[in-house]
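Chemist: With positions in the sequence shown counted from 1, the corresponding number in my numbering is that position plus 139.
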Amino acid sequence: MLRQKKVKKNENNRYEWEDIDSALEALGFDDLDDAKEALAESRATRLEELKERVGAKKKSTKSKSKAAAEEDDDEDEDEEDEEPPKKTTRRRKK
Numbered sequence: 140m141l142r143q144k145k146v147k148k149n150e151n152n153r154y155e156w157e158d159i160d161s162a163l164e165a166l167g168f169d170d171l172d173d174a175k176e177a178l179a180e181s182r183a184t185r186l187e188e189l190k191e192r193v194g195a196k197k198k199s200t201k202s203k204s205k206a207a208a209e210e211d212d213d214e215d216e217d218e219e220d221e222e223p224p225k226k227t228t229r230r231r232k233k
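1) Using a threshold of 8 Å, state whether the C-beta atoms of Y154 and L163 are closer than that.
2) In angstroms, rounded to a whole number, what distance separates the CA positions of D169 and R192?
3) Could you check the C-alpha separation between R231 and E221 for me, to the nearest Å?
4) Got a sec, what are the start and stop residues for the alpha helix (DSSP H) L166 sits in?
5) Since I159 and L171 are thought to touch, with beta carbons under 8 Å apart, how far apart are those beta carbons, to the nearest angstrom?
6) Measure the alpha-carbon distance for P224 versus K197 and round it to whole angstroms.
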């Protein structure tokens, strides 16, 4: 919620206020109940965003793993056709 409202951090890179009233004023709330309601809404929104992001990652991961499995099969066929590289040794200069 603090990031959504673009609240500035202090010199210690933290969100800190002297008291509740100054925090409510900085966030633009009239009373504590309004702030609690806004916090609950913000949490629900953030949770939905995270669920969507995780769902999208799972779908893309599944499709990537299937594609990778198909590529692995193709690589095995290519490796059988190729000859292994010849071993070379280095000669030391005297």
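For each residue, glycine too, the CB sits at the ideal point set by N, CA and C.
Modeler: Let me spell this out:
1) Indexing the sequence shown from 1 puts residue 154 at position 15. Indexing the sequence shown from 1 puts residue 163 at position 24. No. Outside cutoff.
2) Numbered from 1 along the sequence shown, position 30 holds the residue referred to as residue 169. Numbered from 1 along the sequence shown, position 53 holds the residue referred to as residue 192. Their backbone Cα atoms lie some 34 Å apart in a straight line.
3) As a working mapping, residue 231 is identified with position 92 in the sequence shown. As a working mapping, residue 221 is identified with position 82 in the sequence shown. Cα-Cα distance, rounded: 31 Å.
4) Position 27 of the sequence shown, counting from 1, holds the residue named residue 166. First-last of the alpha helix (DSSP H) with L166: I159 to L166.
5) Reading the sequence shown from its first residue, position 20 is the one you call residue 159. Reading the sequence shown from its first residue, position 32 is the one you call residue 171. With a Cβ gap of about 7 Å, I159 and L171 count as contacting.
6) Numbered from its first residue, the sequence shown carries residue 224 at position 85. Numbered from its first residue, the sequence shown carries residue 197 at position 58. In a straight line, the C-alpha of P224 is about 39 Å away from that of K197.
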